[in-house]
Amino acid sequence: MLETSANGPFVTGKVALVHAVGMHARPAVKLTKLAKRFQAQISIRASETADWINAKSVAKVMALRAPPNSTIEIKAFGEDADAAVAALIDLVSADFPDRDP
Amino acid sequence: MNDTVGIVIVSHSGDIAKGTADMVRQMVGSEVKVSFCGGNPDGGLGTNVSLIIDAINDAWSSKGVAILVDLGGAETNSEMAVEMLEPERRKLVVVCNAPIVEGAVMAATEAAGGSSLEQVRAVAEELTAG
């Protein structure tokens, strides 16, 4: 499931977490590192009722403990918000592949 | 490439120090310099001020170095090692108050994004503040 939309000043997106063990340590580090490459403020949450957390905080992303097949929602605000949401959706939907830094 | 804060791991056990460094390299990547030391010359448990200084030199970066330690002596010996550095380098080294493995992974993740030494330390210590 991939979708993005420009909703007010925020760019938002949703993506299914296909990783077998969910958002554990290794995926959390990859997501945080990628988020930090963008200037935009980026928040994520793992369910519609959860609080938004800062995607650039590795401690908070690890603490998400999102189970496999949950939907990760992403919202970003700032100049490169579009690119940030697209990149994060790409990372999650591709199951956190190893890439060069 | 911009310099990133270096990470030093100081454990009483050489195996823990090396294992923690391996975890950081595999989980975070190779863009952050990580060095480690642990154990005494006889293969037993312990930490050693001169080996800590060597590790600080190995991980040295213009942005500074964050040290992650395990118990008691690792912290006091790391502080002693920092005291023995030249004054201008001393202020670029911090000993983090954080769990050694989790702190090292989180500090390195923060460092990889080009963050300052203070930001790296704050992220490592976030685990302790909770």
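Heads up: the sequence lines are chains A and B, in that order.
Everything in the first sequence is counted per the numbering used here, starting at 1 for the first residue and increasing by one.
Everything in the second sequence is counted per the numbering used here, starting at 1001 for the first residue and increasing by one.
Backbone N, C-alpha and C define an ideal beta-carbon position, used for all residues, glycine too.
For clarity, every value in this text was computed on a predicted model and none was experimentally measured.
- Query: For a contact meaning CB atoms closer than 9 Å, what does residue 1127/B contact in chain A?
  - Reply: Per Cβ cutoff of 9 Å: 59.
- Task: With a cut-off of 8 Å on the beta carbons, I'd call residue 31/A and residue 61/A a contact; round off their distance for me.
- Result: At roughly 6 Å, the Cβ-Cβ gap stays under 8 Å, so residue 31/A and residue 61/A are in contact.
- Message: Can you confirm whether the region 1119-1127 of chain B touches the region 1095-1102 of chain B when touching is taken to mean that 3 or more C-beta pairs between the two stretches lie within less than 8 Å?
- Response: Touching, per the Cβ criterion.
- Query: Taking any Cβ of chain B, which residues in the region 19-33 of chain A have a Cβ under 9 Å from it, in chain order?
  - Reply: So the close ones are 25, 26, 28, 29, 30, 32, 33.
- Item | Through-space distance from residue 1041/B to residue 68/A, alpha-carbon basis | Those two C-alpha atoms are separated by around 46 Å.
- Excluding the five sequence neighbours on either side, which residues of its own chain have a C-beta within less than 6 Å of the C-beta of residue 1068/B, listed in chain order? Taken in chain order, the residues that qualify are 1009, 1096, 1100, 1103, 1104.
- Listed from N- to C-terminal order along the chain, which residues in the region 1102-1113 of chain B have their beta-carbon within a distance smaller than 8 Å of any beta-carbon of chain A? Correct list: 1105, 1106, 1109, 1110, 1112, 1113.
- Between residue 1034/B and residue 1007/B, is the Cβ-Cβ spacing less than 8 Å? If you check the CB distance, residue 1034/B and residue 1007/B come in under 8 Å.
- Task: Output yes if chain A places a C-beta closer than 8 Å to the C-beta of residue 1123/B; else output no.
- Result: For residue 1123/B, the nearest beta carbon of chain A is closer than 8 Å to its own beta carbon.
- What's the gap between the Cα of residue 1018/B and the Cα of residue 1024/B? Answer to the nearest angstrom: the Cα atoms are 10 Å apart.
- Same chain only: Cβ atoms within 7 Å of residue 1074/B, ignoring 5 sequence neighbours per side: Closer than 7 Å at Cβ, skipping near neighbours: 1010, 1011, 1012, 1047.
- Straight-line CA distance for residue 74/A to residue 1086/B? For residue 74/A and residue 1086/B, the distance between alpha carbons rounds to 46 Å.
- Message: Counting only Cβ pairs nearer than 7 Å, list the residues of chain A close to residue 1027/B.
- Response: Going along chain A in sequence order, the residues near residue 1027/B (Cβ under 7 Å) are 25, 26, 29.
- Task: From the DSSP output, in three-state form, read off residue 43/A for me.
- Result: Residue state, collapsed to three classes: strand.
- Query: Along chain B, which residues have their Cβ under 9 Å away from the Cβ of residue 36/A?
  - Reply: By Cβ distance, chain B contributes 1109, 1110, 1112, 1113, 1114, 1115.
- Task: Taking only beta-carbon positions, decide if residue 1/A is within less than 8 Å of chain B.
- Result: Caution is warranted here: a pLDDT of 46 is assigned to residue 1/A, below 50, making its placement in the model unreliable, and no coordinate value can be reported.
- Distance between residue 1077/B and residue 1118/B (C-alpha atoms, nearest Å): Going by C-alpha positions, residue 1118/B is about 21 Å away from residue 1077/B.
- Apart from the five residues on each side of it in sequence, which residues of its chain come closer than 8 Å, Cβ to Cβ, to residue 1121/B? In its chain, beyond the 5 residues on either side, 1066, 1094, 1096, 1107 have a beta carbon closer than 8 Å to the beta carbon of residue 1121/B.
- Message: Does residue 94/A pass the burial test, meaning 16 or more other C-beta atoms within 10 Å, or should it be called exposed?
- Response: Exposed, by the Cβ-count rule.
- What do you get for residue 1003/B, buried or exposed, if any count of 16 or more other CB atoms within 10 angstroms of its CB means buried? When all chains shown are included, residue 1003/B counts as exposed.
- Query: Do you know offhand how far residue 36/A's Cα is from residue 1029/B's?
  - Reply: Distance between the alpha carbons of residue 36/A and residue 1029/B is about 15 Å.
- Where does residue 30/A fall in DSSP's three states? In the structure shown, residue 30/A sits in a helix (DSSP, three-state: H, G or I).
- Message: Please state the DSSP three-state secondary structure of residue 54/A.
- Response: DSSP places residue 54/A in strand when its eight states are reduced to three.
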